[in-house]
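Down below is the structure, laid out as C-alpha cells.
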Amino acid sequence: MKAEERSNWVRHAAGTENRFEACFTGHAYEPHRHDTYTIALTLQGVQSFDYRGNACHSTPGNALILHPDELHDGRAGTDAAFRYRAIGIDPCLIQNILGGAALPFVDGAISSDPGILGAAHALLGDLEHPLERLEHQDALYHLAVSLSRVAGEKRGRRIGNCAAATRARDYIDACLDQDVSLEMLEHVSGFDRWQLSRDFRSLYGTSPHRYLVMRRLDRARGLILAGAPLSDAALACHFSDQSHFTRHFRKAYGVTPMRWVHLVRSSSAQTFYRGRSAAS
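So the sequence shown is numbered by the UniProt record's numbering: it starts at 1 and just counts up by one.
The structure is reproduced here in C-alpha cells:
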C-alpha cells in the first residue's frame, strides 16, 4: 500500500450512531455542508479548516462544533497528518432535549469547554463497541445542555409548531423516491407552507429540500458500499443521473463518491457503513 493510502482513511465505528475516525495528510475535504451537528475531537496533528469566514486550527485536546448547514472544508495544518474522531448528531435530538427552543449556535468552531469536551469524550471515547442506548442518550443530554449554556443569549426564538415540522419530516422520510413540494408538506402537516419552512429550519438546522437530498445520499452511500455501481445508486435514490448525484455528494461531503469509497476501504480495520443515527 502506498504511503498516501496508509495516512488517508476513514474508519466507521461499531453501532448505529454515525461515529467515525479519520486520518489525512494535506488537503482532505472541499467546502461542503452537513445537515447535522458535527462534534469532533482532534487526536493528532493540526486539524485546519475554514468556517464562517475564519481559518480555524484545532490541536489535540480541543473539541470542534460545526453547526448544521454551515460551509466548511478540511486540511492538515502542517506537513504531518492529522487524525480526529467525529459524530454527526441529528439536530432535532438537541432541540427535543432543550424543550422547544431553537438550535443553540456556538460562535467559533473550537472549544475547550469542560461540558462539551466531557460529552464529546463520552460519545467518541470508544469506537470499538456500540454505545448503549442510555449511554448515548445521557451523553446527548449533557451535550445539549452544554451547547445551550455556551451559546447563551444567541440560542434563538422558540419554534412555533414542532408537531407540524415533525409530520413534514416524517413524510419526507417516507417519500425519498418521490417528488416533494411545499404544497405537499403543507397538506400533510396541516400548517402554512412558509411558516412550516421557517420552523423546519429552526428545528432541523436545514431546509426541507436539503434534508430530502441528504437522506437520499445516506441511502446511496449504503448502496455503493454494498457494491452497486454509481449510476445504479444514483437512479435508485432519485437523482437524475450520475453527474447529478456526484454534484450533490461533493457538496454534502467535500469529496467525490469514488474518493469517499476509497477512504473507507483504505482503513485496515473498517466496519461497514450503517448510515445515519436512529433517533434516540
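The beta-carbon is built from N, C-alpha and C at its ideal position, and this holds for glycine as well.
For R85 and G118, I'd like the C-alpha separation in whole angstroms.
14 angstroms
Report whether the distance from the Cβ of S146 to the nearest heavy atom of the ligand MG is below 7 angstroms.
Inclusion of the ligand MG in the displayed structure is not the case, the ligand content being empty and no account of it being possible.
Decide yes or no for the touch test of the stretch 68-76 against the stretch 201-209: beta carbon pairs closer than 8 angstroms, at least 3 of them.
yes
Verify whether the separation of the beta carbon atoms of residue 310 and R210 is less than 8 angstroms.
Look at the range of the chain in this structure, 1 to 280, and you will see that residue 310 is not part of it.
Can you tell which of E135, E17 and G115 has its C-alpha closest to the C-alpha of I87?
E17
Excluding the 5 residues preceding and the 5 following R198 in the sequence, name in chain order all residues of the same chain whose CB lies nearer than 6 angstroms to its CB.
none
Opposite V10 in the DSSP bridges: which residues?
A22
Report all residues from its chain with a CB closer than 8 angstroms to the CB of V261; omit the five preceding and five following residues, and keep chain order.
I224 and L225
N-terminal and C-terminal residue of the alpha helix (DSSP H) that Q95 is part of
P91 to I97
Determine the closest residue to A168 out of V150, S148 and W194, with distance taken between C-alpha atoms.
W194
Identify, in the order they occur along the chain, each residue of the same chain with its Cβ nearer than 7 angstroms to the Cβ of D170, setting aside the five sequence neighbours on each side.
none
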